[in-house]
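Quick note on the numbering used here: the sequence shown kicks off at 21 and runs consecutively.
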Amino acid sequence: MTAEFVRLEVADGVGTIRLDRAKAMNAISIQVQDELALAAAEATDRSDVRAVVVWGGEKVFAAGNDVKEMADMSYTDMVDRVQKLQDAVNAVARIPKPVVAAVNGYALGGGCELALAADVRFAADNAVLGQPEVLLGIIPGAGGTQRLPRLVGPSKAKDLLYTGRFVKAEEALAIGLVDRVVPAAEVYAEAVAWASRFATAAPYALRAIKETVDRGLEVDIETGLQVERHSFAAIFATGDSRTGMQSFIENGPGKATFEGR
Ligand code: HXC
21 MTAEFVRLEV
31 ADGVGTIRLD
41 RAKAMNAISI
51 QVQDELALAA
61 AEATDRSDVR
71 AVVVWGGEKV
81 FAAGNDVKEM
91 ADMSYTDMVD
101 RVQKLQDAVN
111 AVARIPKPVV
121 AAVNGYALGG
131 GCELALAADV
141 RFAADNAVLG
151 QPEVLLGIIP
161 GAGGTQRLPR
171 LVGPSKAKDL
181 LYTGRFVKAE
191 EALAIGLVDR
201 VVPAAEVYAE
211 AVAWASRFAT
221 AAPYALRAIK
231 ETVDRGLEVD
241 IETGLQVERH
251 SFAAIFATGD
261 SRTGMQSFIE
271 NGPGKATFEG
281 R
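Take a look at the structure:
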């Protein structure tokens, strides 16, 4: 099946997961959610994708879950729906490569939650983020109650979740919801430039760093340090460690070029 609303575009080692449902502000329908999961799986599997940008185009990142599709759903409908939505967003969160969200315009509800699944977020100066679910009488279901407090702390998260208020780029930067604010016309290029740094970087080391940081955030520090020890030792079974350290010995720091998977 050819994807209609979400596609993976690959150039020079960078895969862009592009949301493209302009007429509904990239609202995440069941079809969008399923295509997003497929695109994330493809970005995970393809060895020519070394880093990923998630982008909704120049006007909007995503205005959230498709409210029109969701409005008449029952509890039993939603049990299945919310699981699949979380699976799709988790598929993005678990891409074992650096992932940056490039946010133009609105990133609301499920759209904000999708951005939260990236490793870092670059926002256009016209970006507006928020979790307005409470204004619809519902709550976030794609990780917002979990990833947002982990990122900005519980009080700032609860302020946003309780009020549903919209946050402009500068405030988002100040509270740590985004990591960089750039002119709207440059946000995608900045995100691609960030991702391109990893096109010849050490893929197994990057994967181990991502898994170890993310796993460590879920567990106590002793367990996290144990995970780190195992990851550290395991990296010595990959070509990355030999390539990197041998290059340092022969050529000095920062000169190594690493093979892909
Ligand atoms: C369905 C949406 C939509 C959405 C916008 N549209 N957001 N359709 N679901 N989330 C549609 C509008 O109905 C309209 O369609 C078109 O996109 C343009 O939107 P407008 O409202 O006319 O544009 P504007 O006045 O610029 O306002 C933009 C906006 C506003 C601020 C983004 O649309 C808005 O507040 N949208 C809803 C945001 C939201 O509440 N998101 C959270 C959803 S719940 P027509 O056909 O009229 O042109 C969620 C829960 C996740 O994400 C967990 C679930 C399991």
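Note that CB positions come from ideal geometry on N, CA and C, so glycine has one too.
Compute the minimum distance between the beta carbon of MET93 and the heavy atoms of the ligand HXC, and state whether it is under 7 Å.
Checking every heavy atom of the ligand HXC against the Cβ of MET93, none is found closer than 7 Å.
Enumerate in chain order the residues of its own chain whose CB-to-CB distance from THR277 is below 7 Å, with the five nearest sequence positions on each side excluded.
Excluding sequence neighbours, THR277 sits near THR220.
Determine the direct distance from the alpha carbon of GLY130 to that of GLY17, and round the result to whole angstroms.
Here the chain has residues from 21 to 281 only, and residue 17 is not among them.
Please go through the stretch 186 to 248 and give each complete beta strand (DSSP E) segment of 3 or more residues, from N-terminal end onward.
For the stretch 186 to 248, whole beta strand (DSSP E) runs of length 3 or above, ordered along the chain, are 200 to 202.
Residues of its chain near GLU137, where Cβ-Cβ distance is below 6 Å and the 5 sequence neighbours each way are ignored:
Looking at the sequence provided, one finds Ala at residue 137 rather than Glu. Taken in chain order, the residues that qualify are VAL109, VAL112 and ALA113.
For the ligand HXC, I want to know if GLY173 counts as a neighbour, meaning its beta carbon is within less than 7 Å of at least one of the ligand's heavy atoms.
Result no, Cβ not under 7 Å from the ligand HXC.
Neighbourhood of GLU29 by C-beta distance below 8 Å, restricted to the same chain and skipping five residues each side
Around GLU29: GLY35, THR36 and ARG38.
Proximity below 8 Å, CB of LEU193 to CB of VAL202:
Not a contact, by the Cβ cut-off of 8 Å.
Tell me the rounded alpha-carbon separation between TRP214 and CYS132.
Taking the straight line joining both Cα atoms gives about 20 Å.
Which residues share a DSSP beta bridge with GLU24?
Residue pairing of GLU24 in beta bridges, as defined by DSSP: absent, with no partner found.
For ALA205, the nearest candidate out of GLU78, GLN266 and ALA44 (CA to CA)
When only C-alpha atoms are compared, the closest one is GLU78.
Whole angstroms are fine: how far does the CA of GLY157 sit from the CA of THR96?
If you take the alpha carbons of THR96 and GLY157, they lie about 18 Å apart.
Tell me, please, which residues DSSP counts as bridged to ALA143.
Per DSSP, VAL123 and VAL201.
Selection from ALA44, ILE159 and ALA143 that minimises the alpha carbon distance to GLU190:
With distances taken between Cα atoms, GLU190 lies closest to ALA143.
How do the stretch 249 to 263 and the stretch 49 to 60 stand: do at least 3 beta-carbon pairs fall below 8 Å, yes or no?
When Cβ pairs closer than 8 Å are counted between the two stretches, the stretch 249 to 263 is seen not to touch the stretch 49 to 60, the count staying below three.
VAL74 and ALA147 - do their beta-carbons sit closer together than 8 Å?
Against a cut-off of 8 Å, the Cβ pair of VAL74 and ALA147 comes out as no contact.
Considering only heavy atoms of the ligand HXC, does any lie closer than 7 Å to the CB of PRO152?
It does: the Cβ of PRO152 is within 7 Å (strictly closer) of some heavy atom of the ligand HXC.
To which residues does DSSP link ILE48 through a beta bridge?
ILE48 pairs with ASN85.
Taking 7 Å as the line, does the beta carbon of ALA44 fall inside it for any heavy atom of the ligand HXC?
Yes; taking the cut-off as 7 Å, the Cβ of ALA44 has a heavy atom of the ligand HXC nearer than that.
Nearest to PHE25 (by Cα), restricted to the options GLY33, ASP32, ALA59 and ALA31
The option with the nearest alpha carbon to PHE25 is ALA59.
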